[in-house]
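Only one structure is covered here, and it is reproduced in the block below.
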Amino acid sequence: MSTRIDRISEEVRKALAEAIRAVKDPRVQGGLVSVVHCEVTNDLRYAKCFVSVLGDAEQAKAVMKGLRSAAGWLRREVGHKVQLRYAPELVFELDNSITHGAHIAEMLHELKAEGRLGEEDGE
Numbered sequence: 001m002s003t004r005i006d007r008i009s010e011e012v013r014k015a016l017a018e019a020i021r022a023v024k025d026p027r028v029q030g031g032l033v034s035v036v037h038c039e040v041t042n043d044l045r046y047a048k049c050f051v052s053v054l055g056d057a058e059q060a061k062a063v064m065k066g067l068r069s070a071a072g073w074l075r076r077e078v079g080h081k082v083q084l085r086y087a088p089e090l091v092f093e094l095d096n097s098i099t100h101g102a103h104i105a106e107m108l109h110e111l112k113a114e115g116r117l118g119e120e121d122g123e
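As structure tokens, this is what we get:
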């Protein structure tokens, strides 16, 4: 992938993260939403956006539904901020990496509290 596409992908990620905060849909505001990564195609027509939702599976499902519902508005907002001739069509994918990392950290904390994880192992 070229550095131009990488740069545009990062700009789309930042613009989308900012635009998501302005979405009024209660489904989207219900969970903590983070845009982890965006991959813009070489023709700049599509952007696959990996979104992480901190919450349970039902919250994640509702947030994804809300994002898909607001995709047109989000696309327009991203288009204004990134200033491309055509704003890429946004395709949302759920990314569980942040939730998974938080779960592992919680498990390690519990093991350490129980004394089953030594100081040299945990830090």
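For the sequence shown, the positions run 1 to 123 when this note's numbering is used.
The beta carbon of each residue, even a glycine, is placed where N, CA and C say it ideally should be.
By the three-class DSSP mapping on this structure, what secondary structure does residue i have?
i           : result
residue 63  : helix
residue 78  : helix
residue 12  : helix
residue 122 : Any reading at residue 122 must be qualified, since the residue scores a pLDDT of 49, below 50, and its modelled position is unreliable; the value itself is stated next. Residue state, collapsed to three classes: helix.
residue 47  : strand
Thinking C-alpha only, which one of the options is nearest residue i?
i          : options         : result
residue 49 : 43, 101, 9, 116 : 9
residue 44 : 114, 79, 21, 64 : 79
residue 84 : 54, 22, 40      : 40
residue 21 : 73, 116, 113    : 73
Indicate whether residue i and residue j have their beta-carbon atoms separated by less than 8 Å.
i          : j          : result
residue 67 : residue 82 : no
residue 75 : residue 94 : no
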